[in-house]
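Novice: Here it is, the structure in full.
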Amino acid sequence: MSDALDPCGCCEGVSPLTPVLLDNRPGLSALAYRVGTHGSFKATMQSAIAAQPALDALTSRDDADPSIALIDACATMLDVLAFYQERIANEGFLRTATERRSILELARAVGYELNPGVAASTYLAFNMEEAPGSPAATPIDTGTRVQSLPGPGEQPQTFETTEPITARVAWNALRPQNSQPQTLKIKSGQLYLVAGNSQELAAQRLYVAGTQTNLKAGDRLLVVIGSDALPIVVKAVIVESDRNRTRLDLDVTTIGSTPLPAMPPTLDYDPPVMTGGTPNFAPLPFTKGNISTYVLSRRWRERDLATFLTANRWDGQELLKYVNAPAAGTTTASLLAFRARVGFFGNNAPLYDIIFPPATAARASGNLTLRAAADESFGEARIAATNPIFNNQGQIKDSPIVKDIFDPDWDSGGGRSIWTDSLERYYSASDIFDVYLERALPDVVRNSWAIFTSSKAGPTAYRVTEVGEASLADFGMSARATGLKLANPSGAALTTADKTTNFKFRRTTAHVQSEALPLDRLPIEASIAGGTTALLLDRMVLDLQAGQVVILSGEQADAPGVIRSEVVTLKEIIHFNGLTTLIFSSGLLWSYTRASVTINANVALSTHGETKREVLGSGDAAQPLSKFLLKQLPLTYVSAPTATGSASTLEVRVNDIAWRETPSLYNLTPRDRVYITRTGDDSKTTVQFGDGGSGARPPSGIENIVATYRVGTGLAGMVKAGQLSLLLTRPLGVKSVINPLAPTGAEDPESRDRARDNAPLTVLTLGRIVSLGDFEDFARAFAGIGKAQATWLWSGEHRLIYLTIAAAVGDVVSATSELYRNLTAAIDLARDPIQQVQIDSYTPIAFNVEAKILVRPGYLADLVKTAVANALKQTFAFEQRGFGQAVTKSEVLAVIQAVAGVEAADLDALYLVGQPAIVNERLLAHTAHWDATAFTPTPTPAELLLISRDGITLTEMTR
């Protein structure tokens, strides 16, 4: 039986409505903590009137009544109090707090300080002055300042070096070996190029030093190698002015082209030689022979060679001058051009029948008619067939019959050969010369070369051993001619058998007046492949050290016009045969066009922030827990191998003695010279000293507390590659500076929501890493890291902890970056070393969306499409997605449909970038896994699937 007057409660009268029962289930993002509102408070107080007999006469409930007005004012006051009570209650819990200050104070309760942000870091490449008189080496100290050249709407940012280096002129632009001597070989009548690996390649082009060769297509050249000579023809002449050389393409029949391979780098080394500077040996003299024996012919590690030079008191710079001097005569081949192209004597003579027409107009057709000499009797007896035609002086016998039988027609039978006169008498029989050229050529000299060419005979090369001029009267003409005494390419004198009759005096051309062309070094066209771990330089370079960081830059081989740069660490330096090989700690990330590659070894690490020095104040030994405020902000924190991932740049000195920063004053003694820092929500940093019991008090003095620190942090330092180019500190001899790579590792001061997630991680890990989750939590809380995912992988032999990471701003974390090295070092310090751990950055993949939307009446289509695009970008942005998280068609449609103004949506395409534009129901992203399909099975990092910033295509749907 119910005590209620009626089921609906209408007759119960007015009852108290406050306080409201508070019941908040776990996991809420906001607490309901208001015990009442204005209305409920007013109703409760009004209900209390009826319960007071003394107020029976107060029956008015009109707000105009003073009593009710007072109740209304109290209800308003209670409403305000209840509102702020609810807000205060929410600020007391980490999950529900809405103010960053609240989370900051709550986090401090568990020993967690909000990340104050971390400065960007990048490597700076310095270039030294190369003008005469400039220093060969210059120290660049820590704190050298470089400023960015700001773009539109940007502020200049200052970076400072964090390590001292010694910059050298020789390290400005090291180059890989991109050329080698043109080692030529003649074999079977063809010209071959011998590559650095002894491979023989058919020569299709030659390179000549200089640009003024005066050659053109069709010109004849001669390659001479020892006793072999090979005539060749120029097909094309290409002047390369930028390299001060000329490329000669040859007219050869070889099809295809094989890039010239590079010489293999030297990867091993010989044991060091102990020859000088020891008790038993005097220092070796610095001679050519000793350099060849002890330096060039041995494989030296840099540190061993440095010891050898010191022990023998050799000057390294003098050694480099000798070793790197241009070598003269390093090739056994000679390349000759011919500056004169002439015919042979008699080639322009009239036809014989024009000068000596027949004696009769007609001849009998059946018998041979012999014409007698004018002063001889026809009846002279015939001579025997075995009698010689020439006399002892090489002249035709003075006989009418002989003269008639020996045909004096120099054009008969194709014409006389170049070796004889008009009566077919060898020039060499009565003279020292073998041939006569058609005119005087004073520039043709002895010990030169000549090439004879004819349509009936291949080009033939001869040595010119003697040259002379003579006036000849023959072939019905007289002229001044040049006589040549010739020899075979081997140097042997010509015999009658060497004088081919195929060289006819009217059809043969002589290429003479030879001139030697200096062969330039041959470019190595093979690219530098990605993954390369050793690179042979074009010279010897001293003083490089193992562990030194260098920056390699060049054009990407498979993307012409795209310039790449990467940081590589030297693992070892080997010297052999006057060249230096750099061995890298890891393979190159990109493939490069060899000729474009340069390596700068004047590299120093720098971080964002400018150094400031200021007096904090005066010490007062009577004041416990004294505090001082840094006047400039924000204080710079740099990446460091600590549990938080950052370290302060603040240094505090009291009476010129450095005091140490500590996380807290707990468990300290009165003699500990320490201080703590606290950064407020306004980014202002306070320095606090001990109270004399927990930490020492600073001694009294006037302005004896001085701070040195750097100012600048966060994403403001993420300038572009190449922007850091203004030297604010200019060491002697330094010409310029640049940042070939964009800075990395920056993070703004920790946001409210990120701190809400990261604060409990300190309690979870407690500074050590044990479980799989600890690896992930430790990395997530590390300054500069935005995402982390730890996975167990099984290789078939052992388990591996594979940690995939991403930078705070969504960038890929390079294995050569300061952030990566510090994270790896911090994890190694906190974990069990028996665990096998591998850390890699994630693999970014992107997808495109194409959709049609139907806009509700009254909405502007352009604004709605912009809102849809923004919603897609926000939902599928880096901050909102996780490693291995897939994207579904329904999820994309839900995001579009939730935008105000969208009545309907139709998805036309959902696909990964680079794949066909189709509608996929689901786009997958993989977590870290073992790639067993690779030639060498390797772990593959997790993928992060994000929407492409330019991959959203929206069109309006018509009704």
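Residue numbers (my numbering): 1 to 959. All C-beta atoms, glycine included, are put in the ideal place defined by N, C-alpha and C. No experiment lies behind these values; they were computed from the predicted model shown.
#1: Measuring CB atoms only, is the segment 701-721 touching the segment 649-657, in the sense that at least three cross pairs come out at less than 8 Å?
#2: For Asp-757, name the three-state secondary structure that DSSP assigns.
#3: Determine the DSSP secondary structure at Met-77, reduced to helix, strand or coil.
#4: Is the distance from the Cβ of Ala-137 to the Cβ of Arg-168 below 8 Å?
#5: Within its chain, find whatever has a CB closer than 7 Å to the CB of Tyr-322; leave out the 5 residues flanking it on each side and keep chain order.
#6: Taking the alpha helix (DSSP H) that Val-323 falls in, what are its first and last residues?
#7: Report buried or exposed for Ser-257, applying the criterion of at least 16 other Cβ atoms within 10 angstroms of its Cβ.
#8: What does a CB cutoff of less than 7 Å around Leu-94 pick up in its chain, not counting 5 residues either side in sequence?
#9: Helix, strand or coil for Arg-220 per DSSP?
#10: Quick test of your reading: Val-234 and Leu-250, contact by CB under 8 Å. State the CB separation rounded to the nearest angstrom.
#11: Within this structure, are the beta carbons of Ser-594 and Asn-178 separated by less than 8 Å?
#12: If you drop the 5 nearest sequence neighbours on each side, which residues of the same chain put their C-beta closer than 6 Å to that of Asp-474?
#13: Look at the Cβ atom of Leu-221, then the Cβ atom of Leu-335, and state whether they are nearer than 8 Å.
#14: Taking the C-alpha atoms as reference points, what is the distance between Asp-748 and Pro-66?
#15: At which residues does the alpha helix (DSSP H) containing Glu-105 begin and terminate?
#16: Beta-carbon within less than 7 Å of Gly-117's beta-carbon, same chain only, minus the 5 sequence neighbours each way: which residues are those?
#17: Write down the C-beta distance between Asp-434 and Leu-519 rounded to the nearest angstrom, noting that I regard them as a contact closer than 8 Å.
#18: Do Leu-582 and Ala-546 count as a contact pair if the criterion is CB distance below 8 Å?
#19: Would you kindly work out how many angstroms separate the C-alpha atoms of Val-567 and Ser-527, rounded to a whole number?
#20: Measure the CB-CB distance between Ala-125 and Val-603 and report whether it falls below 8 Å.
#21: If you draw a straight line from the C-alpha of Pro-767 to the C-alpha of Gly-882, how long is it?
#22: Given this structure, state the Cα-to-Cα distance separating Ala-361 from Asn-347, to the nearest angstrom.
#23: What number of angstroms, rounded off, separates the C-alpha of Glu-555 from the C-alpha of Glu-525?
#24: Over the uninterrupted alpha helix (DSSP H) stretch that includes Ala-871, give me the two end residues.
#25: Would you identify the three-state DSSP class for Phe-778, choosing helix, strand or coil?
#26: Could you tell me whether the Cβ atoms of Ala-82 and Arg-34 are closer together than 8 Å?
#27: Do Phe-41 and Ala-73 count as a contact pair if the criterion is CB distance below 8 Å?
#28: Does DSSP put Leu-544 in a helix, a strand or coil?
#29: Are Thr-211 and Val-194 closer than 8 Å when you measure CB to CB?
#30: Considering only residues of the same chain and omitting the five flanking positions on each side of Ser-639, which have a CB-CB separation below 7 Å?
#31: Determine the extent of the beta strand (DSSP E) in which Lys-889 is found, giving its start and end residues.
#32: Using 8 Å as the Cβ pair cut-off and three pairs as the minimum, do the segment 931-947 and the segment 883-890 touch?
#33: Quick check on the DSSP output: the alpha helix (DSSP H) that includes Gly-468 runs from which residue to which?
#34: Starting from His-38 and walking both ways along the alpha helix (DSSP H), at which residues does that stretch end?
#35: Alpha carbon to alpha carbon, how far is Gln-157 from Ile-140?
#36: List the DSSP bridge partners of Tyr-911.
Specialist: Once the coordinates are examined:
#1: yes
#2: helix
#3: helix
#4: yes
#5: Ile-291
#6: 316-323
#7: At Ser-257, the pLDDT of 48 sits below 50, so the modelled position is not reliable; the number obtained from the coordinates is stated separately. So Ser-257 ends up on the exposed side.
#8: Ile-103, Leu-106, Arg-756, Ala-759
#9: strand
#10: 7 Å
#11: For the record, residue 594 in the displayed sequence is Arg; it is not Ser. Against a cut-off of 8 Å, the Cβ pair of Asn-178 and Arg-594 comes out as a contact.
#12: Asp-421, Ser-422
#13: yes
#14: 56 Å
#15: 100-109
#16: Pro-634, Tyr-637, Thr-713, Gly-714, Glu-747, Asp-748, Pro-749
#17: That belief does not hold up - the Cβ atoms of Asp-434 and Leu-519 are roughly 30 Å apart, past 8 Å.
#18: no
#19: 19 Å
#20: yes
#21: Here the sequence assigns Gly to residue 767, which means Pro is not the residue at that position. Gly-767 and Gly-882: Cα-Cα distance of roughly 25 Å.
#22: With a pLDDT of 41 at Ala-361, under the threshold of 50, the modelled position of that residue is not reliable, and the figure given next carries that caveat. Roughly 28 Å separates the two Cα atoms.
#23: 13 Å
#24: 861-875
#25: helix
#26: yes
#27: no
#28: coil
#29: no
#30: Val-118, Ser-121, Gly-645, Ser-646, Gly-745, Ala-783, Gly-784, Glu-818, Leu-819, Asn-822
#31: Careful: Lys-889 lies outside any beta strand (DSSP E), inside the alpha helix (DSSP H) at 889-897.
#32: yes
#33: Not the alpha helix (DSSP H): Gly-468 falls in the beta strand (DSSP E), residues 457-474.
#34: 38-50
#35: 20 Å
#36: Asn-848
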